[in-house]
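Heads up: the sequence shown begins at 1 in our numbering, then just goes up one per residue.
Report on one structure; see the data block that follows.
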Amino acid sequence: MTGDRRPGPSGAELWTYVRAAARGERHGPAGTVAALASLDGVPRLGWVEAPPWSRVARVLAARSAAEPLRSCRRLLFVGTGGWAFGLRALCAAVPDQSRVRVLDSPDPDALRRVLGELAEPAGTACVVVSASGRTRETRLLADTLALLWHRTGGAAPLRLSDHDGGLSLAGARDQVALYGVPLSVPALLAARMLSWPRFVEVYRAFAEALPAIGEWAGEQSRRLPPHGTPRVVFRLPAGAGADLRLWTLQAARQGWGGKSERFRPWPDAVIPGTTEPGAGPPTAPGEVVVDVAEALAGLPRLDGGAGAVAGAMAASYAVAALVACVAVRHGLRFATHDAVEHYKRLLPAVPSAAHRPAGGRPVTGVGELTGVLAAWLATRPDLTTLHVVGYGIRLGDLVGGDRGLTERLGRPVEVHEGSAWNHHSYQLVWHTRSVGVAVVLAPDRPVAAAGPLCGRTLAALRSMVDALAGATYLSLAPRCLLLRWCPAPPGGPIQGGPVRGAPVEGGPVTGGPVRGGSMAGGLVDSGGSDDR
Numbered sequence: 001m002t003g004d005r006r007p008g009p010s011g012a013e014l015w016t017y018v019r020a021a022a023r024g025e026r027h028g029p030a031g032t033v034a035a036l037a038s039l040d041g042v043p044r045l046g047w048v049e050a051p052p053w054s055r056v057a058r059v060l061a062a063r064s065a066a067e068p069l070r071s072c073r074r075l076l077f078v079g080t081g082g083w084a085f086g087l088r089a090l091c092a093a094v095p096d097q098s099r100v101r102v103l104d105s106p107d108p109d110a111l112r113r114v115l116g117e118l119a120e121p122a123g124t125a126c127v128v129v130s131a132s133g134r135t136r137e138t139r140l141l142a143d144t145l146a147l148l149w150h151r152t153g154g155a156a157p158l159r160l161s162d163h164d165g166g167l168s169l170a171g172a173r174d175q176v177a178l179y180g181v182p183l184s185v186p187a188l189l190a191a192r193m194l195s196w197p198r199f200v201e202v203y204r205a206f207a208e209a210l211p212a213i214g215e216w217a218g219e220q221s222r223r224l225p226p227h228g229t230p231r232v233v234f235r236l237p238a239g240a241g242a243d244l245r246l247w248t249l250q251a252a253r254q255g256w257g258g259k260s261e262r263f264r265p266w267p268d269a270v271i272p273g274t275t276e277p278g279a280g281p282p283t284a285p286g287e288v289v290v291d292v293a294e295a296l297a298g299l300p301r302l303d304g305g306a307g308a309v310a311g312a313m314a315a316s317y318a319v320a321a322l323v324a325c326v327a328v329r330h331g332l333r334f335a336t337h338d339a340v341e342h343y344k345r346l347l348p349a350v351p352s353a354a355h356r357p358a359g360g361r362p363v364t365g366v367g368e369l370t371g372v373l374a375a376w377l378a379t380r381p382d383l384t385t386l387h388v389v390g391y392g393i394r395l396g397d398l399v400g401g402d403r404g405l406t407e408r409l410g411r412p413v414e415v416h417e418g419s420a421w422n423h424h425s426y427q428l429v430w431h432t433r434s435v436g437v438a439v440v441l442a443p444d445r446p447v448a449a450a451g452p453l454c455g456r457t458l459a460a461l462r463s464m465v466d467a468l469a470g471a472t473y474l475s476l477a478p479r480c481l482l483l484r485w486c487p488a489p490p491g492g493p494i495q496g497g498p499v500r501g502a503p504v505e506g507g508p509v510t511g512g513p514v515r516g517g518s519m520a521g522g523l524v525d526s527g528g529s530d531d532r
């Protein structure tokens, strides 16, 4: 399990070690697994073993007997990173359902969309998920929704964290966001709501498939080379969506990224037969393609929504198991993602309008954006890949996704939304110096009130988005470009007027301060790990 060329354990043997570590063994190979799976000195393997149904039923019943879950008709989960991506993947398995929603962005427009889908807070229980309890976006969103629920007569949000074992079915500190779906309290609360009244069938079918999925993961992990920089492509099951892709990216890119100089894989995920991001042909020379659908062959078949939920749970588990098995074979500490502290330490204690990044080149549309990026890349032959990240703007819808910019720029491009990107790709990109990043800020517009929430409350959310963009930009300079999306009306001037500190026309931005602070002062430590 050291990544050299000596014969390693078989897939079944390796999975036996992982299961033994999850059950508490701390000697021999199981002890090695436990050490690699540790965060803050505690092995995070509560996602490996499916507890008996009796324990699951007892834990969920106890949670449901108290407010705010008692008699609720809908669930709204608030969280970031793996918690949010995994929960959204479960939700996406049941199209057009209205029982479960997930909010993971401090963008006021995202909050408006979710509240609009819920229609009214009455009958909706809010569940806040943050292992550390200190994730900045989650805390701000939770406080905002607590205010909303208070003003509309609803119960205070239920807060699940690592401190009291609230995320774990065993009541222990054994969970981590990277792999917490599907075998954690929030994930099973969501799965139960989505598949009711057939949740017991769903859970038993899922649990029955786990041993075979684990052995599949152990065997697939043998296919990766012991050294080098292979592109590892997770081919997701037919019908999978963008949320399962993000779950996969966050698990693999955070679990493997920057953990070894000898073995530096580049994980990606594709969705066959769709036009979703990541749908490109995964057949280039040197790639290792893993077909996740193969892992689900032993999953008992259920019809309707129950089968869809069981399939999403099993696919999420297969991804987590494979990431863990590869990490164990190569000696990677797969429960940590410490690179995020590079941008988190630059976040202000209380973001305000003063922390919107100054400077940055304005771009008025897709054509100008493409031209600016092409000009910048022409001066940076060291950057072989580009990530374009929109903060407060759904950039992928505007530029035609990954393929659109990749075809225009002639280099691999990924288009993502911030701050989600910070929670699935920052870890890997920080450690991969050949990846450039373009941070694109949304237009600076007044934030209007939304029902019981005043404009000032929502403006605080927008300031968090801007602060995250600024901290990301500073932490990745000089391989990061700051742009401002300023669409012009037909026949009109650029919206927003001149940009303070902007470069001359055609000149790229390669550095600059965040208004109200600097790299050295005026900014404080974020006070905790990211989305653990």
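For each residue, glycine too, the CB sits at the ideal point set by N, CA and C.
How is residue 234 classed by DSSP in three states: helix, strand or coil? As a first step, residue 234 must be located in the sequence shown, where it is residue number 234. The answer is strand: DSSP assigns residue 234 an E or B state.
State yes or no: is the C-beta of residue 206 within less than 8 Å of the C-beta of residue 310? What you label residue 206 is simply residue 206 of the sequence shown in a count that begins at 1. What you label residue 310 is simply residue 310 of the sequence shown in a count that begins at 1. Closer than 8 Å, so yes.
Out of 460, 246 and 66, which has the shortest C-alpha to C-alpha gap to residue 81? Within the sequence shown, the letter at position 81 stands for residue 81. The option with the nearest alpha carbon to residue 81 is 246.
For the stretch 76-91 against the stretch 201-219, are there 3 or more C-beta pairs whose distance is under 8 Å? no
Under 8 Å: do the stretch 47-60 and the stretch 144-156 share three or more Cβ pairs, one atom per stretch? no
I'd like to know whether the C-beta atoms of residue 424 and residue 235 end up nearer to each other than 8 Å. Position 424 of the sequence shown, counting from 1, holds the residue named residue 424. Position 235 of the sequence shown, counting from 1, holds the residue named residue 235. Their beta carbons are not under 8 Å apart, which means residue 424 does not touch residue 235 by this criterion.
Which residue or residues does DSSP assign as beta-bridge partners of residue 67? Residue 67 sits at position 67 when you count from the first residue of the sequence shown. Looking at the DSSP assignment, residue 67 forms no beta bridge with any residue, so it has no partner.
Just checking my contact of residue 241 with residue 181 at CB under 8 Å: how many whole Å lie between their CB atoms? As a position in the sequence shown, residue 241 is number 241, starting the count at 1. As a position in the sequence shown, residue 181 is number 181, starting the count at 1. That belief does not hold up - the Cβ atoms of residue 241 and residue 181 are roughly 15 Å apart, past 8 Å.
Curious, which full-length beta strand (DSSP E) runs of at least 3 residues does the stretch 52-111 contain? 74-78 and 100-103
Where do the ends of the beta strand (DSSP E) carrying residue 480 lie? Position 480 of the sequence shown holds residue 480. Where residue 480 is concerned, the enclosing beta strand (DSSP E) stretches over 480-485.
Consult DSSP for residue 535 and reduce its assignment to one of helix, strand or coil. Outside the displayed range of the chain (1 to 532) lies residue 535, so it cannot be described from this structure.
With a threshold of 6 Å on Cβ separation, who are the neighbours of residue 198 within its own chain once the five nearest residues in sequence on each side are excluded? Locating residue 198 in the sequence shown gives position 198, where the first residue counts as 1. Counting only Cβ-Cβ distances below 6 Å, and skipping sequence neighbours, we find 306.
When you compare each of 462, 479 and 477 to residue 111 by their alpha carbons, which one comes out closest? Within the sequence shown, the letter at position 111 stands for residue 111. The shortest Cα separation from residue 111 among 462, 479 and 477 belongs to 462.
Nearest to residue 312 by CA position, among 322, 58, 94 and 64, is which residue? Residue mapping note: residue 312 aligns to position 312 of the sequence shown, counting from 1. Of the listed residues, the one whose Cα sits closest to residue 312 is 94.
Should residue 243 go down as buried or exposed, given a rule of 16 or more other Cβ atoms within 10 Å for buried? The residue you call residue 243 lines up with position 243 of the sequence shown. Its Cβ being crowded by 16 or more others within 10 Å, residue 243 is buried.
Does DSSP put residue 38 in a helix, a strand or coil? Position 38 of the sequence shown holds residue 38. Looking at residue 38 - three-state DSSP - the assignment turns out to be strand.
Candidates 322, 259 and 268: closest to residue 332 by CA position: On the sequence shown, position 332 is the one that residue 332 refers to. Checking every option, the nearest Cα to that of residue 332 belongs to 259.
Out of 168, 187 and 43, state which residue places its alpha-carbon closest to the alpha-carbon of residue 91. In the sequence shown, the residue the question calls residue 91 occupies position 91. It is 187.
Under 8 Å, do residue 391 and residue 442 count as touching if we go by C-beta distance? Residue mapping note: residue 391 aligns to position 391 of the sequence shown, counting from 1. Residue mapping note: residue 442 aligns to position 442 of the sequence shown, counting from 1. Yes.
Span of the beta strand (DSSP E) holding residue 25? Here the question's residue 25 lines up with position 25 in the sequence shown. Residue 25 -> no beta strand (DSSP E), and no H or E assigned at all.
Which class does residue 447 belong to by DSSP, given the choice of helix, strand or coil? By one-based count along the sequence shown, residue 447 stands at place 447. Looking at residue 447 - three-state DSSP - the assignment turns out to be coil, as it is neither helix nor strand.
Inter-stretch contact at 8 Å, needing at least 3 Cβ pairs: the stretch 320-329 / the stretch 210-219: yes
Rounded separation between residue 286 and residue 230 - CA only: As a first step, residue 286 must be located in the sequence shown, where it is residue number 286. As a first step, residue 230 must be located in the sequence shown, where it is residue number 230. Going by the C-alpha atoms only, they are around 7 Å apart.
Rounded to the nearest angstrom, how far is the Cβ of residue 477 from that of residue 355, given a contact under 8 Å? Against the sequence shown, residue 477 aligns to sequence position 477. Against the sequence shown, residue 355 aligns to sequence position 355. Not really, about 17 Å apart at Cβ, beyond 8 Å.
To which residues does DSSP link residue 199 through a beta bridge? For the purposes of this step, residue 199 is taken as the residue at position 199 of the sequence shown. In the DSSP output, where bridge partners are listed per residue, residue 199 has none listed.
So the candidates are 237, 221, 263 and 209; which of them puts its Cα closest to the Cα of residue 228? To locate residue 228, count along the sequence shown from 1; it is residue 228. Measuring from the Cα of residue 228, the nearest candidate turns out to be 263.
Taking just the CA atoms, how far does residue 140 sit from residue 41? Sequence index remark: in the sequence shown, residue 41 carries index 41 (1-based). Sequence index remark: in the sequence shown, residue 140 carries index 140 (1-based). Distance between the alpha carbons of residue 41 and residue 140 is about 28 Å.
How close, in whole Å, do the beta carbons of residue 50 and residue 183 come, if the pair is a contact with beta carbons under 8 Å? On the sequence shown, position 50 is the one that residue 50 refers to. On the sequence shown, position 183 is the one that residue 183 refers to. So it is a contact: roughly 6 Å between Cβ atoms.
Could you give the DSSP three-state label for residue 8: helix, strand or coil? On the sequence shown, residue 8 is found 8 positions in, with the first residue counted as 1. Three-state DSSP puts residue 8 in coil, outside helix and strand.
Report buried or exposed for residue 116, applying the criterion of at least 16 other Cβ atoms within 10 angstroms of its Cβ. Working through the sequence shown from its first residue, we reach residue 116 at position 116. Exposed.
In or out: residue 529 buried (at least 16 other Cβ within 10 Å) or exposed? Start at 1 with the first residue of the sequence shown, and residue 529 comes out as number 529. Confidence is the limiting factor: at residue 529 the pLDDT is only 41, short of 50, which leaves the residue's position unreliable and the question unanswerable from this model.
Counting along the chain, where does the alpha helix (DSSP H) carrying residue 454 start and finish? For this step, residue 454 is matched to residue 454 along the sequence shown. Neither: residue 454 is in no alpha helix (DSSP H) and is coded neither H nor E.
Nearest CA to the CA of residue 338: which residue from 60, 100 and 427? In the sequence shown, residue 338 corresponds to position 338, counting from 1. Nearest of 60, 100 and 427 to residue 338, Cα basis: 427.
Distance, residue 15 Cα to residue 27 Cα: Along the sequence shown, one-based indexing puts residue 27 at 27. Along the sequence shown, one-based indexing puts residue 15 at 15. In a straight line, the C-alpha of residue 27 is about 15 Å away from that of residue 15.
Shortest alpha-carbon distance to residue 433 belongs to which of 470, 394 and 380? Within the sequence shown, numbered from 1, the residue matching residue 433 stands at position 433. Among 470, 394 and 380, the Cα nearest to that of residue 433 is on 380.
Could you pull the DSSP bridge partners for residue 418 from this structure? On the sequence shown, position 418 is the one that residue 418 refers to. Per DSSP, 391.
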